[in-house]
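See below for the structure under consideration.
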Amino acid sequence: MLPILFGLFSALSWGSGDFAGGLASRKLGAYRAVFWADLLGLLIILPIVGLYWEPVPSVETLVNSAIGGALGSVGLLVLYYSLTVGKMSIAAPVSALFAALLPVIVGLFTQGLPTLQQFAGFGFALAAVWLTSQGHSDEKFQIKHLADLRLPILAGIGFGSYFIFVHYASKDSGSIIWTMIASRIAGTLLLWIVVLARRESFSVQRDAWLVVFFNATLDLAGNFFYILASQAGRLDVSAVLSSLFPGSTIILAWIVLKERITRVQAIGIALALTAIVLFTI
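Residues in the sequence shown are numbered consecutively from -9, following the numbering used here.
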């Protein structure tokens, strides 16, 4: 049960963080909001090293963590870019699906076949990730050109690669804090370069700091619980459960912003609950 609980806590944290991040992006713009959330998260976790002593892991662990953090940030940047060039109707569901699917494929080759119930759970969970990631647009999902899928797939590969590299970095070493620090440093540096290259201001309005802080804290919690889930169980189960984060974002938007939950998203949430039950059998 521990991998399942930790995976669900990760999804809830990341989903809530994305909700706060969406509010921050409205005030600061997407790239600046993500940069400050990453930097604040790093500043929050650094003092923990002194409070919770953890031996410095091997160079291999730190490198894998950094690669995972950098690839995760690349996925985020590609996703935001694909949204700005008018691919919103396909960017979110395709990227979320590949983020969950890639660890499943790797898990099959590295950890062996899951149980029959877990196989069924993967099917329901992947469908749930797709459906809950659908926006409120009435535009039908249409692929006019295969090139339309290039950026969303690349974003999903970035997210899925984060799951994989961080899993093996933390699983092999047992490290939690140093894995988070190394991945966060790499991601923050990459985002800093992007904000500089775009010549954006680093300033933050006073009324935006609180929501940026919540975004940073919740995103950090999502990483923390994902690492615990991946250490306690299989890569594929942990990654798929953590990828259910769009469901909590939708529910928060429904409660706080009074946004409507579409029929497709409601079905996705129901499938996610079904997947969770199958994983616990």
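Every residue gets a Cβ at the ideal spot worked out from N, C-alpha and C, and that includes glycine.
All values reported here derive from a predicted model rather than from experimental measurement.
7 Å Cβ shell around residue i - same chain, five flanking residues per side excluded
{"i": "residue 39", "result": "167"}
{"i": "residue 3", "result": "208, 211, 212 and 215"}
{"i": "residue 195", "result": "17"}
{"i": "residue 132", "result": "For residue 132, the predicted structure reports a pLDDT of 47, less than 50, and the residue's modelled location is therefore unreliable. A value from the coordinates is still provided. No residues qualify anywhere along the chain."}
{"i": "residue -1", "result": "215"}
{"i": "residue 72", "result": "81, 141, 142 and 145"}
{"i": "residue 47", "result": "163, 165 and 168"}
{"i": "residue 63", "result": "177, 180 and 181"}
{"i": "residue 34", "result": "206, 207 and 210"}
Cutoff 6 Å; reference residue i; Cβ partners in own chain excluding five residues on either side
{"i": "residue 57", "result": "155"}
{"i": "residue 153", "result": "93 and 229"}
{"i": "residue 225", "result": "93, 97 and 157"}
{"i": "residue 235", "result": "1, 4 and 5"}
{"i": "residue 243", "result": "249"}
{"i": "residue 204", "result": "10"}
{"i": "residue 261", "result": "114, 117 and 118"}
Among the options, nearest to residue i - alpha-carbon criterion
{"i": "residue -5", "options": "11, 212, 253 and 242", "result": "212"}
{"i": "residue 287", "options": "105, 19, 44 and 7", "result": "The structure shown does not extend to residue 287, since the chain is modelled only from -9 to 271, so the question has no answer here."}
{"i": "residue 119", "options": "238, 245 and 247", "result": "238"}
{"i": "residue 29", "options": "173, 235 and 233", "result": "173"}
{"i": "residue 86", "options": "263, 257, 252 and 231", "result": "231"}
{"i": "residue 51", "options": "253, 243 and 162", "result": "162"}
{"i": "residue 36", "options": "175, 124 and 105", "result": "175"}
{"i": "residue 198", "options": "49, 12 and -3", "result": "12"}
{"i": "residue 53", "options": "177, 222 and 259", "result": "177"}
{"i": "residue -3", "options": "99, 222 and 62", "result": "222"}
{"i": "residue 70", "options": "264, 149, 219 and 233", "result": "149"}
{"i": "residue 7", "options": "104, 206 and 219", "result": "206"}
{"i": "residue 220", "options": "101, 187, 31 and 263", "result": "101"}
Continuous alpha helix (DSSP H) stretch holding residue i: start and end
{"i": "residue 192", "result": "It is not in any alpha helix (DSSP H) - residue 192 carries neither H nor E in the DSSP assignment."}
{"i": "residue 43", "result": "No alpha helix (DSSP H) contains residue 43, which DSSP labels as neither H nor E."}
{"i": "residue 16", "result": "-8 to 18"}
{"i": "residue 140", "result": "140 to 163"}
{"i": "residue 224", "result": "No alpha helix (DSSP H) contains residue 224, which DSSP labels as neither H nor E."}
{"i": "residue 174", "result": "167 to 187"}
{"i": "residue 37", "result": "From DSSP, residue 37 is part of no alpha helix (DSSP H); its letter is neither H nor E."}
{"i": "residue 111", "result": "106 to 122"}
{"i": "residue 247", "result": "Where residue 247 is concerned, there is no enclosing alpha helix (DSSP H), given that its DSSP letter is neither H nor E."}
Cβ-Cβ separation, residue j to residue i (assumed contact under 8 Å), whole Å
{"i": "residue 160", "j": "residue 217", "result": "5 Å"}
{"i": "residue 68", "j": "residue 144", "result": "5 Å"}
{"i": "residue 89", "j": "residue 146", "result": "5 Å"}
{"i": "residue 19", "j": "residue 190", "result": "7 Å"}
{"i": "residue 227", "j": "residue -7", "result": "6 Å"}
{"i": "residue 14", "j": "residue 201", "result": "5 Å"}
{"i": "residue 240", "j": "residue 255", "result": "5 Å"}
{"i": "residue 139", "j": "residue 258", "result": "About 20 Å; that fails the 8 Å criterion."}
Neighbourhood of residue i by C-beta distance below 8 Å, restricted to the same chain and skipping five residues each side
{"i": "residue 246", "result": "9"}
{"i": "residue 268", "result": "107, 108, 110, 111 and 114"}
{"i": "residue 185", "result": "21, 22, 25 and 192"}
Contact with chain D by residue i, beta-carbon distance below 8 Å
{"i": "residue 187", "result": "The structure shown contains no chain D; it is built from a single protein chain."}
Report task. May I ask you to verify whether the region 19 to 27 touches the region 180 to 196, counting CB pairs closer than 8 Å and requiring at least 3? Result -> The region 19 to 27 vs the region 180 to 196: in contact.
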